[in-house]
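The structure appears below as structure tokens.
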Ligand SMILES: Cc1cc2nc3c(=O)[nH]c(=O)nc-3n(C[C@H](O)[C@H](O)[C@H](O)COP(=O)(O)OP(=O)(O)OC[C@H]3O[C@@H](n4cnc5c(N)ncnc54)[C@H](O)[C@@H]3O)c2cc1C
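Next up, the structure:
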């Protein structure tokens, strides 16, 4: 192929944008050139950086600045508010592009199969995260009437959910939270948050910094029971071999030996408590039953047959995200990923990011994913394995979407929406206030 290589990326989260960046840094970008169109179902780009990362993490949200520099490149176009496959199928993508990279991430909760999980007052973390991050497709209000709340899981998403529930609305007001979220949080009745992990401190999946941050809020008293600090040979080996796990365990030990203070909201981190049933009355959550576990020598745990009931009014499960199956692509339901070989599903079709690797790891990890996937794509290109697009002219895509009646946004449109959100924030002395309704986002983008 002697003309510019045409590549479509579906999904404008970090994985998709890093893939575009890797393509632009490759030799092919010099000769014969590459042009990339990024399709995104939301009217705004950046995936979980906008709709996952917690609003009180502005430093992480700041990664958007680096991604902006990539998106500013003239070889990249953004088509927002375009959903795969509803607005554009795989066959249609292959008509316009020589290669298609799926970077659709993960946006739903993994199921937790315990009795009572379907009760009123039992929620998935992903839905709550979407609500506080102002996602247009979830209800505008969230019932925050529970005084005692359980969060199931010991990863960073569990920490985000617990921290947002335990902070006051005014503490979160300087962030980008939309007005409906601030109003909802003002009604939050939570006084006690209980985070439950099946295993011990050495097995917790928290990042050390995110864990320590819990203790920085003037409103949150973090409490760890000294009885929950326990290690076996497997745990000791984990601590020796993994600096992060060791730091997490040390922080938890320090919290377990101090006296509890008087900050108004109490956040308990419980270990060796395996949730076995959400308890209900009249269809609503009234508690949680856990089984005490113990280490078995290898770092795993077994049940002890000792059960405890916790009096609580709502339960959030933060046991992992799960990717949506993509039409016309293979899917492994256990891992919730698309099977691939170094990012290649087949020559011409690729995956990267969480849809490729599964929903674990930080934003930075998606860069390595993207590099590997782009290397596979370029090697197929060089080997002549790609089927050239039959309609490679860039204008053909705009014309196609217009004809189909898709109200798409562009990179310039995002810049208008971004400016509008900053303007709304500036009026209140804040950096940004997010616009939530899809129609308003589209209007502000000039779609
Ligand atoms: C609650 C939460 C908090 C997090 N906090 C941090 C943090 O503080 N620091 C950190 O480093 N990492 C954090 N992460 C991890 C980080 O968000 C991920 O590593 C990263 O976003 C994964 O990137 P991705 O591009 O694969 O997926 P995503 O970010 O999910 O991007 C996928 C994009 O594809 C779009 N899309 C999906 N399906 C379609 C479709 N059918 N058609 C068109 N577009 C589609 C989506 O709308 C989305 O924009 C957090 C994750 C979660 C869930």
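Numbering (the working numbering), first residue to last: 14 to 460.
Every residue, glycine too, gets a C-beta built ideally from N, C-alpha and C.
Keep in mind the model is a prediction, meaning the values are calculated, not measured.
Query                                                                                                                                                                      : Result
Do you know how far the Cα of residue 94 is from the Cα of residue 415?                                                                                                    : 12 angstroms
Using three-state DSSP, classify residue 321 as helix, strand or coil.                                                                                                     : strand
Would you report the Cα separation of residue 447 and residue 103, rounded to the nearest angstrom?                                                                        : 32 angstroms
Quick one: does the C-beta of residue 461 sit closer than 7 angstroms to a heavy atom of ligand 1?                                                                         : Residue 461 cannot be examined here, being either before or after the span of the chain that is shown, 14 to 460.
Residues bridged to residue 388 by DSSP?                                                                                                                                   : The partner list for residue 388 (beta bridge, DSSP) is empty, contrary to what the question assumes.
Nearest CA to the CA of residue 117: which residue from 134, 370 and 125?                                                                                                  : 370
Identify the continuous alpha helix (DSSP H) that holds residue 112 and give its terminal residues.                                                                        : Looking at the DSSP string, residue 112 is not in any alpha helix (DSSP H); the run it does join, the beta strand (DSSP E), is 112–115.
Using a Cβ-Cβ cut-off of 7 angstroms (strictly less than) and excluding sequence neighbours within five positions of residue 221, which residues of its own chain qualify? : 257, 260, 261 and 264
Would residue 78 be called buried (16 or more neighbouring beta carbons within 10 Å of its own) or exposed?                                                                : exposed
Measuring CB atoms only, is the segment 199–218 touching the segment 150–169, in the sense that at least three cross pairs come out at less than 8 angstroms?              : yes
Within 8 angstroms, do at least three Cβ pairs link the segment 144–163 to the segment 316–335?                                                                            : yes
Any beta carbon of chain D sitting closer than 8 angstroms to that of residue 359?                                                                                         : Considering every chain present, this structure includes no chain D. It has just one protein chain.
Is residue 367 close to ligand 1? I mean its beta-carbon at under 7 angstroms from any heavy atom of the ligand.                                                           : yes
In this structure, how does DSSP classify residue 133 when only helix, strand and coil are distinguished?                                                                  : strand
Is the beta carbon of residue 386 less than 8 angstroms from the beta carbon of residue 356?                                                                               : yes
Who are the Cβ neighbours of residue 286 in its own chain at under 6 angstroms, not counting the five residues just before and after it?                                   : 209 and 303
Would you say the beta carbon of residue 67 is closer than 7 angstroms to some non-hydrogen atom of ligand 1?                                                              : yes
State yes or no: is the C-beta of residue 52 nearer than 7 angstroms to some heavy atom of ligand 1?                                                                       : yes
By DSSP, does residue 229 sit in helix, in strand, or in coil?                                                                                                             : helix
Compute the minimum distance between the beta carbon of residue 378 and the heavy atoms of ligand 1, and state whether it is under 7 angstroms.                            : yes
Cβ of residue 55 within 7 angstroms of any heavy atom in ligand 1?                                                                                                         : yes
Given this structure, state the Cα-to-Cα distance separating residue 100 from residue 405, to the nearest angstrom.                                                        : 18 angstroms
Mind checking whether residue 383 and residue 31 have CB atoms under 8 angstroms apart?                                                                                    : yes
If you reduce the DSSP assignment to three classes, tell me which class residue 278 lands in.                                                                              : strand
Counting pairs of beta carbons, one from the segment 301–315 and one from the segment 66–76, are three or more of them closer than 8 angstroms?                            : no
Cβ-heavy atom distance between residue 102 and ligand 1 below 7 angstroms?                                                                                                 : no
Taking one C-beta from the segment 19–26 and one from the segment 105–116 each time, how about it: are there three or more such pairs within less than 8 angstroms?        : yes
How many angstroms separate the CA atom of residue 42 from the CA atom of residue 151?                                                                                     : 40 angstroms
Are residue 333 and residue 251 closer than 8 angstroms when you measure CB to CB?                                                                                         : no
Tell me whether residue 229 counts as near ligand 1, meaning its Cβ is closer than 7 angstroms to at least one heavy atom of that ligand.                                  : no
Taking the alpha-carbon positions, what's the residue 185 to residue 83 distance?                                                                                          : 30 angstroms
What is the DSSP secondary structure of residue 271, reduced to helix, strand or coil?                                                                                     : coil
With DSSP as the reference, label residue 448 as helix, strand or coil.                                                                                                    : coil
Starting from the Cα of residue 17, find the closest Cα among 26, 28 and 49 and give me that residue.                                                                      : 49
Determine the extent of the beta strand (DSSP E) in which residue 156 is found, giving its start and end residues.                                                         : Neither: residue 156 is in no beta strand (DSSP E) and is coded neither H nor E.
In chain order, what residues of the same chain lie with their CB nearer than 6 angstroms to the CB of residue 247, ignoring the 5 residues before and after it?           : 311 and 312
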